Amino acid sequence: MKNWAIDFGNGYVKAVSETGSFVIPSLIATKELEDNAVSSAFENTFNVNTFKRKSDDEEYYFGVEIAKEVDEVDLTTTNSSNDRYNTLAFQRMAEFALAELAVFEDDPSKVDVRLVTGMPSNEIEFTGLKNGFIKFLEGVHVVSRNGQDIIVDVKEVIVIEQPLGTLFNIYLNDKSQVHSDFKFGNIVVVDFGSGTTIIDEYKKMKRAKSTVKQNGMRQFYKNIAKVLSKKNELNIDPLHIEEGIRNNSFLAEFGQHRLPFRPIFDKEVTRKLNETLAAYEDTVEEQGVTAYVTTGGGANVFNEVLKQKKNNFIPTENSQMATANGYLKLAKSLDK
Numbered sequence: 001m002k003n004w005a006i007d008f009g010n011g012y013v014k015a016v017s018e019t020g021s022f023v024i025p026s027l028i029a030t031k032e033l034e035d036n037a038v039s040s041a042f043e044n045t046f047n048v049n050t051f052k053r054k055s056d057d058e059e060y061y062f063g064v065e066i067a068k069e070v071d072e073v074d075l076t077t078t079n080s081s082n083d084r085y086n087t088l089a090f091q092r093m094a095e096f097a098l099a100e101l102a103v104f105e106d107d108p109s110k111v112d113v114r115l116v117t118g119m120p121s122n123e124i125e126f127t128g129l130k131n132g133f134i135k136f137l138e139g140v141h142v143v144s145r146n147g148q149d150i151i152v153d154v155k156e157v158i159v160i161e162q163p164l165g166t167l168f169n170i171y172l173n174d175k176s177q178v179h180s181d182f183k184f185g186n187i188v189v190v191d192f193g194s195g196t197t198i199i200d201e202y203k204k205m206k207r208a209k210s211t212v213k214q215n216g217m218r219q220f221y222k223n224i225a226k227v228l229s230k231k232n233e234l235n236i237d238p239l240h241i242e243e244g245i246r247n248n249s250f251l252a253e254f255g256q257h258r259l260p261f262r263p264i265f266d267k268e269v270t271r272k273l274n275e276t277l278a279a280y281e282d283t284v285e286e287q288g289v290t291a292y293v294t295t296g297g298g299a300n301v302f303n304e305v306l307k308q309k310k311n312n313f314i315p316t317e318n319s320q321m322a323t324a325n326g327y328l329k330l331a332k333s334l335d336k
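With this note's numbering, letter number 176 in the sequence shown gets 176, and the count goes up by one each step, no holes.
Structure, rendered in C-alpha cells:
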C-alpha cells in the first residue's frame, strides 16, 4: 500500500508521495473550451491534462498552467464556504488530483493507497462534514487521464487538522519521534492561505485556541492590483501580481506592459501583517509562546518582516508544501 498526502487548499492542491509531488491550482475547466484558440494548444504546449471521471459525461482540464492560459470566466473554482467537500466541482478536482499523483507510480492502472489529508481547524470540529469527506475519499476512484485509465483504491483515510501537518513536518523526525518542543511547548501557527488567514495555538500537541480571518492571499493580490490599476489607468489581473511576487521581479507583466509595484507591495505587507498580528494577540497570550510558525502559500511573503518582529519565529521551508509533507511523514510513521 502506497503512502500519499494531499493538501486540498482553496488556492492550490499540494500533493506528495514517496515517488513524486505537484502543486496545481484548485481549478478545473470543461473540455468544451477546446474549440477556442487557447485550449487547442494545450496538447502541444501547456502543462494541462484532460480528465474524465467514470461518473461524468464531460471531460475536464486540470493542471499547473490552467489559471494562466484559461480565461477567468471559463474556470470553475473548487472553493466554497458551504459544504465544500460535497460539491461536484471539489469532488471532480479531488479525483483528478488522485489520478495525477498516481502517474508517479510504476503502475498507475491500479494503486492501493493510504491517504492522509486535512481540514481547516475551524471545520474539522463538524463531525458530519468530516465524516462526509472521509466517505467520499474512501474506496475506488476511476479516472481517465489523457485517455489512460487510472484506478486509485483508497484503502485508508486519515483526516487531521491542517496546522498539524505543518507541525509534523517540523517536529516529527524520520524515526517517527516527536520533538520535545512540540510535545511540551506552546506553539502558534499562522496559515496564510488563499481564502483565509487562520491562527491556531497548540499547547502540548493539542489545539487550544483558534481564530479565522476571512481574507487571504487572493485578497492580498487583489488589493495590490486595485492600487496599481488606478495608478496606471489599466485593468490589472491579480494573477499578474501573484506571478511578479513569485518570480521576485515585483513587476506586473502582460502584453507590452512591465509595471513595478514594489512600494505598493511593501505597504500592503505592513497592513496585512499588522492586521494578522492584532488578531494573533487577541487570540494568544504572548508570554509562554515557545515558537511562532507560519505556513501556507503566502507565508514567504511575510517571513522577512516577521523575523524582525518575533524572536521565537520559525520560518517553514517550502511553506506551500509544508502541510502536505507533514501529512506524508504521518502516513509513513503508520508503517512502523
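Note that beta-carbon positions come from the ideal geometry of N, C-alpha and C, so glycine has one too. These figures come from a predicted structure and were not determined experimentally.
What residue from 145, 124, 107, 297 has the CA that sits closest to residue 92's CA? 145
Just the C-alpha distance for residue 130 and residue 233, rounded to the nearest angstrom, thanks. 46 Å
Per-residue DSSP class, three states only, for residue 317: coil
Using the C-alpha atoms, what's the distance from residue 14 back to residue 279? 27 Å
Where the beta strand (DSSP E) containing residue 191 begins and where it ends: 186-192
Which runs of the alpha helix (DSSP H), 4 residues or longer, sit entirely within the stretch 142-184? 162-171, 180-184
Give the secondary structure of residue 250 by DSSP, where H, G and I count as helix, E and B as strand, and everything else as coil. coil
Within 10 Å of its beta-carbon, does residue 26 have 16 or more other beta-carbons around it, so buried, or fewer, so exposed? buried
Leaving out five residues before and five after residue 264 in sequence, what residues of the same chain have Cβ atoms less than 7 Å from its Cβ? 224, 227, 228
Straight-line CA distance for residue 277 to residue 21? 32 Å
Thinking C-beta only, is residue 10 closer than 8 Å to residue 79? yes
Going by the DSSP bridge assignment, what does residue 351 pair with across the sheet? What the structure shows of the chain is the stretch from 1 to 336, and residue 351 is not part of that stretch, so it cannot be assessed.
Expected contact under 8 Å - CB spacing of residue 182 and residue 326 to nearest Å: With a Cβ gap of about 11 Å, residue 182 and residue 326 do not count as contacting.
So for residue 62, helix, strand or coil by DSSP? strand
Whole-angstrom C-beta distance between residue 17 and residue 104, which should lie under 8 Å: 6 Å
At what residues does the beta strand (DSSP E) containing residue 119 begin and finish? 111-119
Please state whether the Cβ-Cβ distance between residue 98 and residue 143 is less than 8 Å. yes
Using the C-alpha atoms, what's the distance from residue 189 back to residue 294? 6 Å
Based on DSSP bridge pairs, tell me the residues matched to residue 202. 187, 207
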